Each structure stands twice: as structure tokens, then as C-alpha cells.
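With this note's numbering as the guide, the letters of the sequence shown map in order to residues 1373 to 1627. Here the structure is laid out as C-alpha cells; the discussion comes afterwards.
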Amino acid sequence: MSNKSEIYLDALGANISLSPQMIHDLDVQGFTVIHNVIDADWLAEMRRMFDMIVEKEGDLLAIEHHQEEKATRIANLINKGTVWEKVWSHPLVLSVCRHIFNGEFKVSSLNAREALMGGGHQPLHADWKQPRPDFPKVHLVNSIWAIDDLSAENGAPRIIPGTHNRPELPEDVLADPSASHPDEIIFACPAGSVMIYNAHTWHGGTTNRTGARRRVLHGLYIDRADLQQQDQRKWLTHETNSRLNPAQKWLLDVE
Ligand SMILES: O=C(O)CCC(=O)C(=O)O
């Protein structure tokens, strides 16, 4: 890692010591779950902003990324309010990223998703779809932030421990990636929890069978040499840019 990256990551507070359990979970299972990351006031503001953006953007929601039938998606939250800033630059999440990447990385995107009644089921997938001649190099780390309580009933994501250590994509080796998997773990948790995972790990959303609200954020990070999902040099607004410090600009790769 370059000296400059080290300095900026330290400035962002991405030097929190991870517990032995967390390191074990990340290395062996490919993910870790942290509770109580978001306090009550912050949650309330996130919920308010989520619903406000959905109301405001209407049919244009998530055109910067992709739309999904029976799930509400919001894209490019980096440029949609200050409440999201503490998400993509969160010191603990960045510390975990630093451990998993073990090299230079940047923000790829910050999006939101809410599976609606009867919708949300996804085949098991890895977020990195490209061939991996450089396996086991990590290209992507993702974080799923629970804005509402998540349960097996309202479509919590599932994840298959250890699959970050497999070079294959699930669609290449599973007879039916949409089927339930014997090893799957459901990320059922109270609102305010965050799951951070090596995004080569096989995972996917499940069906919201009750219609109970299940808003989540997806904070995605990528190897610094790869292309961001949402190119911040293209999307960054003057307003966002004006409030960023140099380390945050480096993290968004817009310096
Ligand atoms: O929101 C979720 O439950 C997971 C979504 C996901 O994995 C994806 O959209 O790629």
C-alpha cells in the first residue's frame, strides 16, 4: 500500500483493531456482522431520507444503476444527502475493508434496496462477475446496512460461508442458484446492524413474504485499480464536493 493511501486511511480512522473473532469470521466465513452501528437518531434520519428520495425520484429511481421489479432501489446516495456520508466513510467498515483488501481500495457505490411484498428473491451470486485469473485477489467488499429489522420473513439476505475461497461463480456450479442452499445463513438482525463481506462470497436477497419494511443500504468498495460502479468523477455534485475533506475525496477517487 502506498504511503499516501496509508495516510488517508489513517485520517479516515480506518485503523481500528479488529477482534480475533471478527478476523476469523472474515477470513474463514467471508463476512462479519456488527450490531448497534447505527443509533436511533441516525436510523430515524436515514428512514426519513430514504422515503423522501423514493417520493421525489418516482419512476427515475435507480436509473444510475438498475431498477428491479418488486424492489425499490435508490442509487448514488453519495450525492443525495449528508446523512449517508457517515456510511460510506465509516471508520469501522473502512477498517474491515483494509483487512479484507489488504491493498488499496476506494468507494464503488452507495445504493439502497427494499424488497416489496412478494419480491426480492435473487439467485445466489457473487458481486464480481468477471473471470478471476488473479484468484484469490479481492476485487470487491460490500456492506449491507439494516435500516429496518431484517428477518427470514421480510427478505433478509442470505450468504454461504466460505464461498469467498472458491474461484467459481455460483451460476457455473450450482444446479439451481435460486434454490435454497444447505449452508445458507440468513442475515436476520435488528435495525442498526451491518454485515460486511468479501463480495466474492455467494449471497442474495430473499423474498419479502410479509411486506414488513426491510430497507437496506449497500455500501460497495472496490480495488483501487478497478472501475467504480458509479463513477464519482461523473456523478459527484458540486454540493457534495464542497463539503469533502481530502481523505474523503481520495476515498471517492475524485481528488
Ligand atoms: O438487499 C439484499 O438483500 C441483497 C441484494 C444483493 O445482493 C444485490 O442486489 O446484489
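Glycine residues also receive a C-beta, built at the ideal position from the N, C-alpha and C atoms. Note that the structure is predicted; figures quoted are calculated from it, not measured.
Item to check | Helix, strand or coil at Lys1478 according to DSSP, with G and I counted as helix | outcome: Here residue 1478 refers to the residue found at position 106 when the sequence shown is read from its first residue. Strand at Lys1478.
Item to check | C-alpha gap between Val1405 and Arg1420, whole angstroms | outcome: Taking the sequence shown and counting its residues from 1, one reaches residue 1405 at position 33. Taking the sequence shown and counting its residues from 1, one reaches residue 1420 at position 48. The alpha-carbon atoms of Val1405 and Arg1420 are separated by roughly 24 Å.
Checklist entry - Alpha carbon to alpha carbon, how far is Thr1454 from Ala1547? => result Counted from its first residue, the sequence shown places residue 1454 at position 82. Counted from its first residue, the sequence shown places residue 1547 at position 175. Each residue's Cα considered, the two are about 44 Å apart.
Checklist entry - Looking only at its own chain, which residues have a Cβ that is under 6 Å from the Cβ of Ile1410, when we skip the five neighbours before and after it? => result By 1-based counting over the sequence shown, the position of residue 1410 is 38. Excluding positions up to five away in sequence, the list reads Gly1564.
Checklist entry - Heavy atom of ligand 1 less than 8 Å from the Cβ of Gln1620, yes or no? => result Against the sequence shown, residue 1620 aligns to sequence position 248. No - ligand 1 has no heavy atom lying nearer than 8 Å to the Cβ of Gln1620.
Checklist entry - Taking only beta-carbon atoms, is Ala1386 less than 9 Å away from chain D? => result Absent from the structure: chain D. Only one protein chain is present.
Checklist entry - So, helix, strand or coil for Gly1430, using DSSP? => result By one-based count along the sequence shown, residue 1430 stands at place 58. Correct three-state label for Gly1430: helix.
Next on the checklist: Using only CA atoms, which one of Lys1452, Asn1474, Lys1478 and Asn1448 lies nearest to His1462?
Outcome noted: Here residue 1462 refers to the residue found at position 90 when the sequence shown is read from its first residue. Checking every option, the nearest Cα to that of His1462 belongs to Lys1478.
Checklist entry - Would Asp1499 be called buried (16 or more neighbouring beta carbons within 10 Å of its own) or exposed? => result Within the sequence shown, residue 1499 is the residue found at index 127, counting from 1. Buried is the call here.
Checklist entry - Can the beta-carbon of Leu1390 be found closer than 9 Å to that of Ser1467? => result The residue you call residue 1390 lines up with position 18 of the sequence shown. The residue you call residue 1467 lines up with position 95 of the sequence shown. Cβ atoms of Leu1390 and Ser1467: closer than 9 Å.
Checklist entry - Rounded to a whole number of angstroms, what is the C-alpha to C-alpha distance between Ala1619 and Thr1612? => result By 1-based counting over the sequence shown, the position of residue 1619 is 247. By 1-based counting over the sequence shown, the position of residue 1612 is 240. Using only the alpha carbons, I get a separation of about 14 Å.
Checklist entry - Between which two residues does the alpha helix (DSSP H) carrying Phe1473 extend? => result Translated into positions along the sequence shown, residue 1473 becomes position 101. That run of the alpha helix (DSSP H) goes Pro1463 to Phe1473.
Checklist entry - Any heavy atom of ligand 1 closer than 8 Å to the Cβ of His1553? => result The residue you call residue 1553 lines up with position 181 of the sequence shown. Result no, Cβ not under 8 Å from ligand 1.
Checklist entry - Counting along the chain, where does the beta strand (DSSP E) carrying Asp1595 start and finish? => result Reading the sequence shown from its first residue, position 223 is the one you call residue 1595. Its beta strand (DSSP E) spans residues Arg1587 to Asp1595.
Checklist entry - When burial is assigned at 16 or more other CB atoms within 10 Å of the CB, is Ile1594 buried or exposed? => result Here residue 1594 corresponds to residue number 222 of the sequence shown, with the count starting at 1. Looking at its Cβ environment, which holds 16 or more other Cβ atoms inside 10 Å, Ile1594 is buried.
Checklist entry - In this structure, does DSSP put Trp1574 in helix, strand or coil? => result One-based indexing of the sequence shown puts residue 1574 at position 202. Coil at Trp1574, not helix or strand.
Item to check | Pro1508 versus Arg1581, Glu1540 and Asp1520, residue with shortest Cα-Cα distance | outcome: Against the sequence shown, residue 1508 aligns to sequence position 136. Minimum Cα distance to Pro1508 is reached at Glu1540.
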